[in-house]
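Residue numbers (full-length UniProt numbering): 1 to 267. Right, one structure below, let's go through it.
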């Protein structure tokens, strides 16, 4: 992009430098991957609040391998099948010759490691031992490199139920550098924001420490913020907070009699 359109390239970097926080989202294929990796590096080196999702999770791993572990040619086999350092690889159940119906899909459990007692993302999830989030991917972090990553400060605090597949990473000594293999946006709701996004926004406003100090409350007057990861709990929460009548009233009377409560978020 620098050689083809230098003005757009520098505009993009300017936008990155002045933003409050960054999300590197999911995706497929080669297009834009090096830009995502460069973004991960800038956020890591400059203490910029960062959230990587799916491919963004993998880009963060590749960047760290290249620039911290000094594995200069590290890459994902999705982008570079012959890479010398395949830090992101095809999952064993993925048939590389067939694209349709080969992804790891749906809601699956993620287990927080017992050692993750000081993890920011675990605290945002209410210090739960297990969470359920929805997935959509066919590549994973190569387990052969995990020991090296963690030795240099990239902690994989969440794993699958077999404790073999990496699900959540977090950097030591960074205000907020979190990446997840799953898609937290799938279960995020206006009144039940997904913890990775909640943490990102709080960190962007320099309010994450005070949020933790208040016991994960948006305001001293509010009860502790709980995250619900099942559809039944989400529906119940929506009905309760909106005050929507669940009896056999007509829609007009239900909405006219509902009381929509609002809370001041002290950021």
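Note that beta-carbon positions come from the ideal geometry of N, C-alpha and C, so glycine has one too. Remember, predicted model here, so these are calculated numbers, not experimental data.
**Item:** For residue 132, the first and last residue of its enclosing beta strand (DSSP E)
**Value:** 130–137
**Prompt:** Given a threshold of 16 other Cβ atoms within 10 Å of its Cβ, counted over all protein chains shown, does residue 196 qualify as buried or as exposed?
**Reply:** buried
**Message:** I need the boundaries of the beta strand (DSSP E) containing residue 110, first residue and last residue.
**Reply:** 104–112
**Asked** DSSP on residue 79, reduced to helix/strand/coil?
**Response** coil
**Asked** What did DSSP end up calling residue 60 once you bin it into helix, strand or coil?
**Response** helix
**Message:** At the level of alpha carbons, what is the spacing between residue 52 and residue 183?
**Reply:** 10 angstroms
**Item:** Buried or exposed (CB count within 10 angstroms, at least 16 for buried), residue 142
**Value:** buried
**Request:** Compare the beta carbon distance of residue 92 and residue 76 with 9 angstroms and say whether it is the shorter of the two.
**Result:** no
**Per-residue DSSP class, three states only, for residue 212** = helix
**Item:** Spatially closest choice to residue 108 from 206, 132 and 6, by CA coordinates
**Value:** 132
**Request:** Quickly, what does DSSP pair residue 164 with across the bridge? List them, please.
**Result:** Looking at the DSSP assignment, residue 164 forms no beta bridge with any residue, so it has no partner.
**Asked** Can you name, in chain order, every residue of its own chain whose Cβ lies under 6 angstroms from the Cβ of residue 74, other than the five neighbours on each side?
**Response** 62, 65, 66, 85 and 87
**Request:** Please determine, among 47, 200, 123 and 34, the residue with the shortest C-alpha to C-alpha distance to residue 80.
**Result:** 34
**Message:** Quick check: the Cα distance between residue 58 and residue 181, rounded to an integer number of angstroms?
**Reply:** 8 angstroms
**Message:** Tell me the rounded alpha-carbon separation between residue 26 and residue 215.
**Reply:** 31 angstroms
**Message:** Give me the residue from 15, 90, 191 and 145 with the minimum Cα distance to residue 71.
**Reply:** 145
**Request:** Specify, as a first and last residue, the run of the beta strand (DSSP E) that residue 85 falls within.
**Result:** 85–90
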